[in-house]
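Residue numbers (the working numbering): 9 to 452. What follows is a short report on a single structure.
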Amino acid sequence: MSVTYREALGRALRDAMTADERVLLLGQDIGAHGGAYGVTAGLLEAFGPERVRDAPSAEAALVGLGIGAALAGLRPVVEITTAAFLPLAFDQVVHQLAAAGPMSGGALRAPLVLRVPQGAGARLGPVHSANVEGLLHHVPGLRVLAPASVADAYGMLRWAATETDEPTVVLEHVQLYNSTGEHVGVVDDVARAAVRRAGGDVTLIAASRMVGEALAAAAVLADEHGVEATVVDLRTLRPLDLETVATAVRGANGRAVIAEEGWPHGGVGATLAAALGGRVVRVSGADRHVPYAATLEAAALPDAGAIVAAALPLAQVRDRRALGAPDHTMSIEVALASLDRGSPIADQVAARCADLLSGFGECAIVAPEEPLVLLGENRRASARRPALTLTLGPVIARPSARDGAVTVHRFATLTLALASGLASAGDATELLAALRERLAAPAE
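Here's what the structure looks like:
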């Protein structure tokens, strides 16, 4: 049966409280009012005020009380009304909750769950649109979960409430509360990222709300540009599943876009970019507080369009223009010593220089009175202008005499056209020089 993200979280709490009498809820207005976003509706009536406890607006005291309850053997789930208020309890979170194990030599366990609604998009202004992923990702000793689906919303919260003794933060994006899907029960793989879509051209990495944006971007890339993207849902922000992410990125030859809603400096995206290396582009929220006005808020937040724009150059696609109209164009005369006179020149150039051309993804080779030769990705989307076009002019024979012997050398003008969005003019020059050297060398 399909349920909303909000309902899945509520069912996870209800099932956890039924399964384990040590689970109790603490938070502002979580009783009669059902919490700031209605997640705890009906739980006060089901379990009573001893296990569903309303608290005043005092986050430091609330988290401190939860830590004490966890150390005493209970399993509290504390709701912070909004992520904007979590920094008020950072002393308790960083110096007490996360440090309880290390400070006691591992003797103390604090199985506390913090539920934190967060994120922008609801026109709540700079404060109430806070995103705390980067702040929490920085703290050792915490497990930070960011469910993007209904199934993970239920499974992760249910797991955190009853199955682990680690202090755990569950980040609930407010724009996901009304999304729908199926929930399948407790998940036992919370530490693993999930591949939500497979492709070989570029890898899109995201968490929470941005997973939906990444999937939408992948659909646009496939439908409009012929680019197949892998979408990786991080699911857990601390610790990161670098093994799964790195494997997915290697499958796209190191091309990756990391999409996150938070600010660009530091945070999850920065950690991933540093760990992955290669051709990695980050898409993030603007480096400013989220405005209240709807148009300004939309401009400050990343979306599927921003991910597509970042992915296209990495996947070596510019647009759907017809063959021609290049951005970098340069020509040079090349000797054709390595080419057989009896075979099509374009085919021989493709065979001799394939390794030099493969890094550009799609290439067209044109020679007089010969069929067009297409290499790489363009073979499956020939309506799209290739990133790289090589055009060979007519072959010119030039005799030379040395020591009484006459030798005929063959030359042709080679014109290279390379999309400027994929490489600089210097890159084009280096490629042209390498091609000339390769074609002039005698065949082995």
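Just so it is clear, CB atoms sit at the ideal spot from N, CA and C, and this is done for glycine as well.
Alpha-carbon to alpha-carbon, residue j and residue i
{"i": "VAL325", "j": "VAL228", "result": "The predicted position of VAL325 is uncertain, since its pLDDT is 49 and thus under 50; no value can be drawn from it."}
{"i": "VAL108", "j": "ASP62", "result": "According to the sequence provided, residue 108 is Ala. The question's Val does not apply to it. Cα to Cα, the separation comes out at about 25 Å."}
{"i": "PRO175", "j": "LEU144", "result": "12 Å"}
{"i": "GLU29", "j": "THR89", "result": "24 Å"}
{"i": "ILE213", "j": "ALA225", "result": "11 Å"}
{"i": "ALA24", "j": "PHE368", "result": "53 Å"}
{"i": "LEU398", "j": "ARG446", "result": "14 Å"}
{"i": "GLU67", "j": "ARG166", "result": "23 Å"}
{"i": "ALA283", "j": "PRO247", "result": "13 Å"}
{"i": "VAL342", "j": "LEU422", "result": "7 Å"}
{"i": "VAL253", "j": "THR188", "result": "26 Å"}
{"i": "VAL203", "j": "ARG19", "result": "26 Å"}
{"i": "ASP435", "j": "ALA427", "result": "11 Å"}
{"i": "GLY293", "j": "HIS103", "result": "29 Å"}
{"i": "ILE75", "j": "VAL121", "result": "10 Å"}
{"i": "ALA281", "j": "VAL198", "result": "22 Å"}
{"i": "GLU438", "j": "ASP249", "result": "38 Å"}
{"i": "VAL182", "j": "ILE353", "result": "60 Å"}
{"i": "TRP271", "j": "LEU96", "result": "20 Å"}
{"i": "VAL178", "j": "PRO155", "result": "8 Å"}
{"i": "HIS146", "j": "VAL194", "result": "27 Å"}
{"i": "HIS273", "j": "SER346", "result": "51 Å"}
{"i": "ASP348", "j": "GLN356", "result": "8 Å"}
{"i": "PHE419", "j": "LEU400", "result": "10 Å"}
{"i": "PRO402", "j": "LEU344", "result": "12 Å"}
{"i": "PHE98", "j": "GLY234", "result": "46 Å"}
The beta strand (DSSP E) enclosing residue i, as first and last residue numbers
{"i": "GLU180", "result": "176 to 181"}
{"i": "PRO125", "result": "121 to 126"}
{"i": "ARG30", "result": "That residue, ARG30, is in no beta strand (DSSP E); it is neither H nor E in DSSP."}
{"i": "HIS136", "result": "Looking at the DSSP string, HIS136 is not in any beta strand (DSSP E); the run it does join, the alpha helix (DSSP H), is 133 to 136."}
{"i": "ALA264", "result": "263 to 267"}
{"i": "ARG258", "result": "Note, ARG258: premise wrong, no beta strand (DSSP E); alpha helix (DSSP H) at 250 to 258."}
{"i": "VAL47", "result": "First-last for VAL47: undefined, no H or E at that position."}
{"i": "GLU454", "result": "Residue numbering for the chain in the displayed model covers 9 to 452; residue 454 lies beyond these limits and cannot be assessed."}
{"i": "VAL60", "result": "60 to 62"}
Residue i, enclosing alpha helix (DSSP H) - first and last residue
{"i": "GLY76", "result": "67 to 79"}
{"i": "LEU284", "result": "275 to 284"}
{"i": "LEU304", "result": "302 to 308"}
{"i": "PRO110", "result": "108 to 111"}
{"i": "LEU245", "result": "No alpha helix (DSSP H) holds LEU245; the beta strand (DSSP E) holding it covers 244 to 246."}
{"i": "VAL288", "result": "Careful: VAL288 lies outside any alpha helix (DSSP H), inside the beta strand (DSSP E) at 287 to 291."}
{"i": "PHE55", "result": "51 to 55"}
{"i": "LEU322", "result": "312 to 322"}
Counted within 10 angstroms of its Cβ, other Cβ atoms place residue i as buried (16 or more) or exposed
{"i": "ALA449", "result": "exposed"}
{"i": "TYR300", "result": "exposed"}
{"i": "THR238", "result": "buried"}
{"i": "ILE404", "result": "exposed"}
{"i": "MET9", "result": "exposed"}
{"i": "ALA409", "result": "exposed"}
{"i": "GLU180", "result": "buried"}
{"i": "ARG388", "result": "Interpretation of ARG388 is limited by its pLDDT of 42, a score under 50 that renders its predicted location unreliable; no figure is taken from the coordinates."}
{"i": "GLY142", "result": "buried"}
{"i": "ALA433", "result": "exposed"}
{"i": "THR415", "result": "exposed"}
{"i": "ILE340", "result": "exposed"}
{"i": "LEU32", "result": "buried"}
{"i": "ALA391", "result": "Because the pLDDT of ALA391 is 39, which lies under 50, any placement of that residue in the model is unreliable, and the number read from its coordinates should be weighed accordingly. Exposed, since its Cβ has fewer than 16 Cβ neighbours within 10 Å."}
{"i": "VAL135", "result": "exposed"}
{"i": "ASP411", "result": "exposed"}
{"i": "GLY350", "result": "exposed"}
Anticipated Cβ contact below 8 Å, residue i with residue j, distance rounded
{"i": "LEU443", "j": "LEU364", "result": "6 Å"}
{"i": "ALA201", "j": "LEU242", "result": "5 Å"}
{"i": "VAL257", "j": "GLY275", "result": "About 18 Å; that fails the 8 Å criterion."}
{"i": "ILE266", "j": "ARG296", "result": "Not confirmed; about 20 Å, so no contact."}
{"i": "PRO310", "j": "GLU269", "result": "6 Å"}
{"i": "ARG14", "j": "GLY46", "result": "6 Å"}
{"i": "ARG117", "j": "ASP173", "result": "4 Å"}
{"i": "LEU34", "j": "VAL86", "result": "5 Å"}
{"i": "LEU382", "j": "ALA372", "result": "6 Å"}
{"i": "ALA16", "j": "ALA161", "result": "4 Å"}
{"i": "THR26", "j": "ILE38", "result": "Between ILE38 and THR26 the Cβ distance is about 17 Å, and since that is not below 8 Å, they are no contact."}
{"i": "GLU236", "j": "ALA230", "result": "6 Å"}
{"i": "ALA168", "j": "GLY208", "result": "In fact, because the Cβ distance is near 35 Å, the residues do not count as touching under 8 Å."}
{"i": "ALA44", "j": "GLU305", "result": "Not really, about 20 Å apart at Cβ, beyond 8 Å."}
{"i": "ALA91", "j": "PRO125", "result": "7 Å"}
Contact test: residue i Cβ vs the ligand SAM heavy atom, cutoff 8 Å
{"i": "LEU73", "result": "The ligand SAM is not part of this structure, which contains no ligands at all."}
Beta carbon proximity, residue i to chain B, threshold 9 Å
{"i": "ALA63", "result": "In the structure shown, chain B cannot be found, because there is only a single protein chain."}
Any beta strand (DSSP E) of 3 or more consecutive residues that is wholly inside the region 342 to 410: DSSP runs (the beta strand (DSSP E)) wholly in the region 342 to 410: 370 to 374, 381 to 384, 396 to 400, 404 to 410.
Residue ranges of each alpha helix (DSSP H) within the region 141 to 215, 4 or longer: 141 to 145, 158 to 170
Length at least 4, wholly inside the region 419 to 450: the alpha helix (DSSP H) runs in chain order: 433 to 448
Beta strand (DSSP E) runs contained entirely in the region 214 to 241, provided each spans 3 or more residues: 237 to 241
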